[in-house]
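Engineer:
Number of protein chains: 2
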Amino acid sequence: MEIRSKFWLEIDDEPVFGRGRRFLLEAIDAHGSINQAAKEINISYKKAWSYIKTMEERLGIMLVERHVGGRNGGGALLTDHARDFLRKYKLMEEGLMEIADERFRQIFSP
Amino acid sequence: MEIRSKFWLEIDDEPVFGRGRRFLLEAIDAHGSINQAAKEINISYKKAWSYIKTMEERLGIMLVERHVGGRNGGGALLTDHARDFLRKYKLMEEGLMEIADERFRQIFSP
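Quick mapping for you: the protein sequence lines, in order, are chains A and B.
Every number in the numbering used here is 2 more than the matching position in the first sequence, counting from 1.
Every number in the numbering used here is 2 more than the matching position in the second sequence, counting from 1.
#1: State buried or exposed for A84(A), treating a residue as buried only when at least 16 other CB atoms are found within 10 Å of its CB.
#2: Less than 6 Å between C-beta atoms, sequence neighbours within five positions excluded: which residues of the same chain meet that for G20(A)?
#3: Using a C-beta to C-beta distance shorter than 8 Å, which residues of chain E count as neighbours of I13(A)?
#4: Let's see if you can read the secondary structure: which residues bound the beta strand (DSSP E) around I13(B)?
#5: Can you give me the start and stop residues for the alpha helix (DSSP H) that L88(B) sits inside?
#6: Would you report the Cα separation of F25(A) and M99(B), rounded to the nearest angstrom?
#7: My output table needs one value for L65(A): the three-state DSSP class, helix, strand or coil.
#8: Measuring alpha carbon to alpha carbon, tell me which of K8(B), V66(B), R89(B) ends up nearest L79(B).
#9: Under 9 Å, Cβ to Cβ, is there at least one residue of chain A near R85(B)?
#10: Can you list, in chain order, the residues of its chain with a C-beta nearer than 7 Å to that of V18(A)? Leave out the 5 residues immediately preceding and following it.
#11: For G134(A), name the three-state secondary structure that DSSP assigns.
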């Protein structure tokens, strides 16, 4: 038997950030492109863009900078605010998963 | 901004116990009746019974004892194993929710 856990952040009882949004930002960071990031996590560009805009509005911070032109027709970069937020979120999420495992073993192991 | 969390237990990657099952067992304990417990959590008796049987099979412990007859036409009681399991689960779940709150504040508060 194992414990599973899921964490997300809410503002005024509305979800604002969780694992799906984390993967989206990480994919943008990895590919330097919203389009490729959207493909990687199997959503449309339009959906990815609306997720980003909604997060930015609700969190009150800019997350993604788009730049146009250049050899690859432009791309997207995470802002420093986004990187900082992502770093904190991962730290929190990974720490909590470890703690959940520990606590489960402490309580349920004979 | 607040953290939300959800925990559940799995065996061989199949969910076996979580908050919904916790509420079902607690309602059986409170009402002494599977029928009333099912009503309280808005599921059919048949569904409640199938949840119980599945949990018992997967956890390998008896959870609910039905007794028949008597003034109220019988009822249902949690076994000591069920009470022990429920106690551990609540202890784990509540502890983890507190820890999640703490950790969120530590990491995200300025």
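By construction, the Cβ of each residue, glycine as well, lies at the ideal position given by its N, Cα and C atoms.
If you're wondering where the values come from, they're calculated on a predicted model, not measured in any experiment.
Structural biologist: Considering the structure as presented:
#1: buried
#2: W10
#3: Among the chains of the structure shown, chain E does not appear; the protein chains present are A and B.
#4: 4-13
#5: 82-110
#6: 24 Å
#7: coil
#8: V66(B)
#9: no
#10: L11, E12, M57, R60, L61
#11: As shown, chain A starts at 3 and ends at 112. That puts residue 134(A) outside it, with no answer to give.
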